[in-house]
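Read through the structure below, which is laid out as structure tokens, and then see the notes.
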């Protein structure tokens, strides 16, 4: 009787070949797993960076749109926006703050610094992974009334003014170009830019453009070279003749008070730090704690006109040939002077900023 032969095991060579094949398959699977995980993490970081940018750009644009003026920054990575506290601030709250300052800190965080209505300050983080931000301001380039160029503007700690061309027209700035660099995990940090415009300031500039004053603007009626037909009375023909023999002057919209003429604004100048600015030139920058002297041409009738400052609680005083006002001591302070005349004339204001 023949005994069955016992089965032989795998040889050492076969075992090593099998282990090698298994390790190769395992290594391939692990490589695919780690690669997918890296892609997921990279996409997640990119999504968060994009969301940070969207939120930051939306918040900055919203606050700028409601701006009543822009504060003077100390660097071009800082934006200071003044607005009515009844509007929503960078936190989305109303009646909470009236000044928001945007800047990026050393930890790549976009900060919003709120000057609260109670006189205190609060700093919050709007977005993370923002490596850099720069702000430039739109000014006329002189080539066209509708063309803008964007230039940086700030006053450093030593008082040096960057781009005096912007400083000279600071009161007419209505739009801000923001350039923001986002950290998304790559060596090259993508930079995106967007423009925000203050609706209130843009409408104010529109109202005062072309030499048309915001106070009692003149009518737009044009003349005609065709002679007026005789209306049958003995007086001189004019477009306002009623034909009853009496030529009544047209109503000027101020109850017949000719002293409340918008020509007054062209006869007022403001002097600070040895530099004279016309009232009609808009807001301007002066030194901190500077004395601002208002001068009125002595050939014009000042009857009915008053002047007051928002830094003085006293009632408006009659407009004299000269007035002196002191700016607050400190950087980025402001003072508003307001001219008024009669009850039918809209007040005309100018804001002076300290550097």
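In this note's numbering, the protein residues as written are 152 to 506. Cβ atoms here follow ideal geometry from the backbone N, Cα and C, with glycine treated the same way.
Residue 196 versus residue 248 - alpha carbon distance: 33 Å
Alpha carbon of residue 174 to alpha carbon of residue 165, nearest angstrom: 14 Å
First through last residue of the beta strand (DSSP E) which encompasses residue 231: 229-234
Residue 331, enclosing alpha helix (DSSP H) - first and last residue: Note, residue 331: premise wrong, no alpha helix (DSSP H); beta strand (DSSP E) at 326-333.
Through-space distance from residue 462 to residue 363, alpha-carbon basis: In this prediction, residue 363 scores a pLDDT of 41, lower than 50, which makes its location untrustworthy; no coordinate-derived value is stated.
C-beta contact flag for residue 271 and residue 263 at 9 Å: No; because the gap between Cβ atoms is not below 9 Å, this pair is not in contact.
Contact check, residue 507 vs residue 321, beta carbons under 9 Å: The displayed coordinates of the chain run from 152 to 506. Any statement about residue 507 would go beyond what the structure contains.
Anticipated Cβ contact below 8 Å, residue 420 with residue 305, distance rounded: So it is not a contact: roughly 27 Å between Cβ atoms.
Distance CB(residue 286)-CB(residue 343) smaller than 9 Å: no
CB-CB length for residue 212 against residue 331, believed under 8 Å: Contact flag wrong, Cβ pair sits at about 12 Å.
Euclidean distance between Cα positions of residue 422 and residue 481: Computed Cα separation, rounded: 19 Å.
Euclidean distance between Cα positions of residue 501 and residue 351: 15 Å
Beta-carbon separation (whole angstroms), residue 215 vs residue 347, contact threshold 8 Å: The pair is a contact, with the Cβ atoms about 4 Å apart (cut-off 8 Å).
DSSP state of residue 481 mapped onto helix, strand, coil: coil
Close beta carbons around residue 217, own chain, < 6 Å, minus the five adjacent residues each side: Only 234 and 238 meet the Cβ criterion.
Simplified DSSP state of residue 318, which is helix, strand or coil: Helix at residue 318.
Residue closest to residue 477, alpha-carbon to alpha-carbon, out of 438, 446 and 301: 438
Presumed contact (8 Å Cβ cut-off) between residue 314 and residue 302, rounded CB distance: 5 Å
Identity of the residues DSSP links to residue 250 by a beta bridge: 233 and 266
Neighbourhood of residue 459 by C-beta, 6 Å cutoff - its chain only, sequence neighbours within 5 removed: 467 and 489
Contained beta strand (DSSP E) runs [length at least 3] in the stretch 276-308, N- to C-terminal order: 281-291 and 299-302
Nonlocal neighbours in the same chain, by C-beta distance under 6 Å from residue 230, ignoring five residues either side: 253 and 286
Sub-9 Å separation of residue 323 and residue 281 beta-carbons: no
Cα-Cα separation, residue 469 to residue 454: 8 Å
Other residues of its chain near residue 284: CB distance less than 6 Å, five sequence neighbours each side excluded: So the qualifying residues of the chain are 228, 255 and 331.
Residue 210 (DSSP reduced to helix, strand or coil): Helix, per DSSP.
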